[in-house]
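**Q** Here it is: the structure, laid out below.
Number of protein chains: 2
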Amino acid sequence: MNQSVSGSGSLLRLIRQGRASTRAELIELTGLARSTVAQRLEVLRARELIVDAGENPSTGGRPPAVFAFNRDAGVVLVADLGVTHCRLAVADLAGRPLAEMAADLAIDAGPEHVLGWVRDRFAELIDRSGRNMAEVRGIGVGVPGPVEFATGQAVHPPIMPGWDDFSIPGWFSRSFDVPVLVDNDVNIMAIGEHWMHWREAAHLLFVKVGSGIGCGVITSGAIHRGAQGAAGDIGHIQVTEREDAICRCGNVGCLEAMAGGTAMARALTNMGIPASTSRDVVRLARGGNREAAMLVREAGRALGKVLAAAVNLFNPAVIVIGGDVAQAHEPLLAGAREELYRRSLPLATRHLRIARSELEDRAGVIGAAVMVIEHILSPAAVDRDLAAG
Amino acid sequence: MNQSVSGSGSLLRLIRQGRASTRAELIELTGLARSTVAQRLEVLRARELIVDAGENPSTGGRPPAVFAFNRDAGVVLVADLGVTHCRLAVADLAGRPLAEMAADLAIDAGPEHVLGWVRDRFAELIDRSGRNMAEVRGIGVGVPGPVEFATGQAVHPPIMPGWDDFSIPGWFSRSFDVPVLVDNDVNIMAIGEHWMHWREAAHLLFVKVGSGIGCGVITSGAIHRGAQGAAGDIGHIQVTEREDAICRCGNVGCLEAMAGGTAMARALTNMGIPASTSRDVVRLARGGNREAAMLVREAGRALGKVLAAAVNLFNPAVIVIGGDVAQAHEPLLAGAREELYRRSLPLATRHLRIARSELEDRAGVIGAAVMVIEHILSPAAVDRDLAAG
């Protein structure tokens, strides 16, 4: 392996992170010889991974050349697939969507149908963005169930019939010769929210309260998937000893049976207030329906109990709450804060920030883009690509 | 900064990890030029951080020189301070204790008294190990309360009067010019157990069930301390809605109020069975006392509820259970497994291993040694030391 190639990826990372934009800064940060840095920069420039960004006139003497990461050195295709909805995008290598769309799409139509439809939309989005398929560097997909990240296969996904053990990367490899990464929808939302709004927070929990409830765990700035890719599945943590809170998982007292949108819609219907989805619950709560508001507040308390346990175990700097139900934010967050502060240790909540998702429906596609970009632009991957010519 | 120095720390890490023991292996792993590797190895050899380990005759041709990390290139001093007991050791740079001792020591005697006593014992242990104070490369201390890791200060430690905001590194700096790292006792136990027995498991929870209850969280092979160093404080997670389970923290229904050794001893005393410490509870349970055995089993169930939540959130590969109460392991682990498997998701428990601590009382000193060694032998620290001469 060529030595100048082998270190170029690390230099690119420092440039992408905004830690260096001149040769002198790279020499300072890496301790490498001037000639080595120059040689590695030349490799990056020849592949158009960096571009000149003018001169820096502020330092006196001959102004040093300033360079920047070339966010246009390719694009990524991303899909955030929910149970009944999806959002797709083409993004540049900084994770900025160049073209995007949202649509109804039933995940239970099965992988061939769903992915075929997604591929056709990808082609349209590429056209709309003014780019072309040859520029695609990677594909990122989020799905509403547990995923074995290493293989990109959903694992016993209860709400994704037909997807069990189906290889999503294998399917895309028929049409694309690029890395395909798959993760569950909450993890990609956590990555997106963290990347766009909370990058300085090393430890973050992103909680999605929609039809179901899940959590993305960011530790030391990276997503924590756990030993089987099952981390963050907080919807079935027990929050009550009440025997009537029956959950779809077969247990009683689960968080999802108290605070999931589907469970709340059913509870309202049983009270004679027709509701069928989490969006109905939110519409009623925001519209001033007292029963719905009380239910959402009680859901917030149940959520707060689980968050208190999560805070005691994990001590995050930030908790971000997203998903449909979070849009009824006042009673939900009030209930959650109430139990969270009642049951957590003062040391762990002293500086804790609790925030609503800023990206809302777009967290998933942005996170999927970031996931793929971090993978294809990791120092090892860059060095491998450069060595391969 | 000298280039050959700046990369030596990374080579040392590969050698310490057992990933390379010849020049050819280092060239293969790093992609560096042969001359660069040779130069950096010379620096490590001159400082006695690596030693020759004979030749490797198996590869044919001229046998390559084999080298190894020099575990005798210094020693570390470590102390695991509990509420009423302590354990101290001198360890080599592989974390192997060369001399150690255990003694009664009341943490509430205050920092000056406790640390003065520890320093005197360190001097005796150094003598016993046949080494000398000039060889000390670092000091590691565990304390029974939350610690702000960056400063080495205990933070509002409820059972450590007089230690609040006291700088343990500052105190040792009067006598030693070496890094001093401080962490809470459960974190160092988790590090020790992981390093010695579960290094292949990326994600591990170590639960200490003693007078109180705490948890050390290992993620991606490293301790997760959380935003304020408060991670793992699971003793005050709510496990019951019973109003009579009053905890010392002022809340009701905490895990520690059900399963902590102190709480169980009080419960037995209230039943007319005298017990004052967690060790009494264990002695009674192992001796066939039915009330004690039932109490420990119920404690196990309470622990299992918290572990189920932790497994759903964090999805560890291994849970290790240690501490005094864990020595009554059969009823405790039976109860814990019962609730854990009842309340966790099948995907997360399919390959989960639940084990007792192997190191038991020694987990803390070994973990403290590993914590310090990983710090002083990190690539950046080694490069800095070498550059300083």
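These protein sequences, in sequence, are chains A and B.
In this text, residue positions in the first sequence follow our numbering: the first is 1, and each later residue adds one.
In this text, residue positions in the second sequence follow our numbering: the first is 1001, and each later residue adds one.
Note that the Cβ used here is the ideal one computed from N, Cα and C, for glycine as well.
Just so it is clear, the structure is predicted and the values come from calculations on it, not from any experiment.
1) With a threshold of 7 Å on Cβ separation, who are the neighbours of I27(A) within its own chain once the five nearest residues in sequence on each side are excluded?
2) Keeping to the same chain, check which residues put their C-beta closer than 7 Å to that of C1247(B); ignore five residues upstream and five downstream.
3) Given the structure, does V325(A) come close to the ligand ADP, in the sense that its CB is under 7 Å from one of the ligand's heavy atoms?
4) Among I1107(B), V1141(B), G1261(B) and R1337(B), which one has its Cα closest to the Cα of G1162(B)?
5) Between which residues of its own chain and R1121(B) is the CB-CB distance below 6 Å, once the five residues before and five after are set aside?
6) Taking just the CA atoms, how far does R1174(B) sit from T1349(B)?
7) Can you list, in chain order, the residues of the region 1237-1249 of chain B whose Cβ is nearer than 9 Å to any Cβ on chain A?
8) Determine the contact status of G300(A) and G260(A), defining contact as a CB-CB distance below 8 Å.
9) For E1193(B) and G1009(B), which I take to be in contact (beta-carbon distance under 8 Å), what is that distance rounded to the nearest angstrom?
10) Are the Cβ atoms of N312(A) and D1280(B) separated by less than 8 Å?
11) Given a threshold of 16 other Cβ atoms within 10 Å of its Cβ, counted over all protein chains shown, does E112(A) qualify as buried or as exposed?
12) Is the shortest distance between the beta-carbon of P316(A) and the beta-carbons of chain B less than 8 Å?
13) Please report the residue range of the alpha helix (DSSP H) in which F1122(B) lies.
14) Does DSSP put V180(A) in a helix, in a strand, or in coil?
15) Return helix, strand or coil for P1169(B), following the three-state DSSP convention.
16) Beta carbons nearer than 8 Å to chain B: which residues of the region 298-312 of chain A have them?
17) For A123(A), is the classification buried or exposed, using 16 other Cβ atoms within 10 angstroms of its Cβ as the cut-off for buried?
18) Contact criterion: CB-CB distance below 8 Å. Does L14(A) meet it with respect to chain B?
19) Check whether the Cβ of D1351(B) lies closer than 8 Å to any Cβ atom in chain A.
20) Report the neighbours of I234(A) on chain B: residues whose CB is nearer than 7 Å to its CB, in chain order.
21) Anything in the region 1222-1233 of chain B with a Cβ closer than 7 Å to a Cβ of chain A? List those residues in chain order, please.
22) Count the other CB atoms within 10 Å of the CB of R1225(B); is the residue buried (16 or more) or exposed (fewer)?
23) Buried or exposed: which applies to R353(A), given that a residue is buried once 16 or more other Cβ atoms fall within 10 Å of its Cβ?
24) Out of T1151(B), V1186(B), P1316(B) and I1188(B), state which residue places its alpha-carbon closest to the alpha-carbon of W1171(B).
25) Give me the chain C residues within the contact set of T219(A), using Cβ-Cβ distance strictly less than 7 Å, ordered along the chain.
26) Using a Cβ-Cβ cut-off of 6 Å (strictly less than) and excluding sequence neighbours within five positions of M101(A), which residues of its own chain qualify?
27) What residues from chain B crowd round P434(A), counting only those whose CB sits closer than 8 Å?
28) Under a three-way DSSP split, which group does R23(A) fall into?
29) Interface residues of chain B around P169(A) at Cβ under 7 Å?
30) Give, in chain order, every residue of the region 1272-1290 of chain B whose Cβ lies closer than 8 Å to some Cβ of chain A.
31) Please state whether the Cβ-Cβ distance between V1296(B) and A1326(B) is less than 8 Å.
32) Our contact map puts I188(A) next to G364(A) with C-beta atoms below 8 Å; I'd like the distance itself, whole angstroms only.
33) Please report how far the alpha carbon of A1068(B) lies from the alpha carbon of D1383(B), in whole angstroms.
34) From the DSSP output, read off the bridge partner residues of M1101(B).
35) Please confirm whether L345(A) has its beta-carbon closer than 8 Å to some beta-carbon of chain B.
36) Exposed or buried, P316(A), counting other C-beta atoms within 10 Å across all chains shown (16 or more means buried)?
**A** In brief:
1) Within the first sequence, numbered from 1, the residue matching residue 27(A) stands at position 27. Within the same chain, I27(A) has close Cβ partners R34 and V37.
2) Counted from its first residue, the second sequence places residue 1247(B) at position 247. Apart from sequence neighbours up to five positions away, the residues of its chain that approach C1247(B) with a beta-carbon distance below 7 Å are H1236, C1254, E1256 and A1257, ordered along the chain.
3) This structure lacks the ligand ADP, and indeed carries no ligand of any kind.
4) Position 162 of the second sequence, counted from the first residue, corresponds to residue 1162(B). Of the candidates I1107(B), V1141(B), G1261(B) and R1337(B), the residue whose Cα lies closest to the Cα of G1162(B) is I1107(B).
5) Within the second sequence, residue 1121(B) is the residue found at index 121, counting from 1. Cβ-Cβ distances below 6 Å link R1121(B) to L1088 in the same chain, with the five nearest sequence neighbours on each side left out; the list follows chain order.
6) Counting from one through the second sequence, the residue named residue 1349(B) turns up at place 349. Counting from one through the second sequence, the residue named residue 1174(B) turns up at place 174. Counting only the Cα atoms, R1174(B) lies some 49 Å from T1349(B).
7) Of all residues in the region 1237-1249 of chain B, the ones placed with a Cβ closer than 9 Å to any Cβ belonging to chain A are I1237, Q1238, T1240, E1241 and C1249, in chain order.
8) Here the question's residue 300(A) lines up with position 300 in the first sequence. Here the question's residue 260(A) lines up with position 260 in the first sequence. Between G300(A) and G260(A), the CB-CB gap reaches or exceeds 8 Å.
9) Your numbering for residue 1193(B) matches position 193 in the second sequence. Your numbering for residue 1009(B) matches position 9 in the second sequence. Beta-carbon to beta-carbon, E1193(B) and G1009(B) are separated by about 27 Å, too far to satisfy the 8 Å threshold.
10) The residue labelled residue 312(A) in the question sits at position 312 within the first sequence. The residue labelled residue 1280(B) in the question sits at position 280 within the second sequence. No, the Cβ-Cβ distance between N312(A) and D1280(B) is not below 8 Å.
11) Working through the first sequence from its first residue, we reach residue 112(A) at position 112. Counting every other CB atom within 10 Å of its CB across the protein chains shown gives E112(A) a total below 16, marking it as exposed.
12) On the first sequence, residue 316(A) is found 316 positions in, with the first residue counted as 1. So, interface residue.
13) Within the second sequence, residue 1122(B) is the residue found at index 122, counting from 1. For F1122(B), the enclosing alpha helix (DSSP H) covers residues P1111 to S1129.
14) Taking the first residue of the first sequence as position 1, residue 180(A) is located at position 180. Three-state result, V180(A): strand.
15) For the purposes of this step, residue 1169(B) is taken as residue 169 along the second sequence, with counting starting at 1. In the structure shown, P1169(B) sits in a helix (DSSP, three-state: H, G or I).
16) Flagged, chain order: K305, V306, A308, A309, A310 and N312.
17) On the first sequence, residue 123(A) is found 123 positions in, with the first residue counted as 1. Exposed, by the Cβ-count rule.
18) Within the first sequence, the letter at position 14 stands for residue 14(A). No, L14(A) lies away from the interface with chain B (no Cβ there is under 8 Å from its Cβ).
19) As a working note, residue 1351(B) is residue 351 in the second sequence. The residue you asked about is not Asp; residue 1351(B) is His in the sequence shown. By the rule that beta-carbons nearer than 8 Å mark a contact, H1351(B) touches chain A.
20) As a working mapping, residue 234(A) is identified with position 234 in the first sequence. Correct list: N1312 and L1313.
21) Answer in chain order: H1224, G1226, A1227, Q1228, A1230, A1231, G1232 and D1233.
22) In the second sequence, the residue the question calls residue 1225(B) occupies position 225. R1225(B) should be labelled buried.
23) Position 353 of the first sequence, counted from the start, is the residue given in the question as residue 353(A). Looking at its Cβ environment, which holds fewer than 16 other Cβ atoms inside 10 Å, R353(A) is exposed.
24) One-based indexing of the second sequence puts residue 1171(B) at position 171. Just measuring C-alpha positions, the residue of T1151(B), V1186(B), P1316(B) and I1188(B) sitting nearest W1171(B) is T1151(B).
25) Annotation note: the requested chain C is absent from the structure, which comprises protein chains A and B.
26) Position 101 of the first sequence holds residue 101(A). These residues qualify, in order along the chain: L88.
27) What the structure shows of chain A is the stretch from 1 to 389, and residue 434(A) is not part of that stretch, so it cannot be assessed.
28) As a first step, residue 23(A) is located in the first sequence; it is residue number 23 there, counting from the start. Reduced to three states, the DSSP call for R23(A) is helix.
29) Within the first sequence, numbered from 1, the residue matching residue 169(A) stands at position 169. Under a criterion of Cβ atoms nearer than 7 Å, no residue of chain B is adjacent to P169(A); the nearest Cβ is some 20 Å distant.
30) For chain A, none of the residues of the region 1272-1290 of chain B brings a beta carbon within less than 8 Å of one of its beta carbons.
31) On the second sequence, residue 1296(B) is found 296 positions in, with the first residue counted as 1. On the second sequence, residue 1326(B) is found 326 positions in, with the first residue counted as 1. Between V1296(B) and A1326(B), the gap from beta carbon to beta carbon reaches 8 Å or more.
32) Sequence index remark: in the first sequence, residue 188(A) carries index 188 (1-based). Sequence index remark: in the first sequence, residue 364(A) carries index 364 (1-based). Cβ-Cβ separation between I188(A) and G364(A): approximately 5 Å, consistent with a contact (criterion under 8 Å).
33) One-based indexing of the second sequence puts residue 1068(B) at position 68. One-based indexing of the second sequence puts residue 1383(B) at position 383. When rounded, the distance between both Cα atoms is 18 Å.
34) Here residue 1101(B) refers to the residue found at position 101 when the second sequence is read from its first residue. BP columns for M1101(B) point to L1088(B).
35) In the first sequence, counting from the first residue as 1, residue 345(A) sits at position 345. Cβ-Cβ to chain B under 8 Å: yes for L345(A).
36) Position 316 of the first sequence holds residue 316(A). Under this definition P316(A) is a buried residue.
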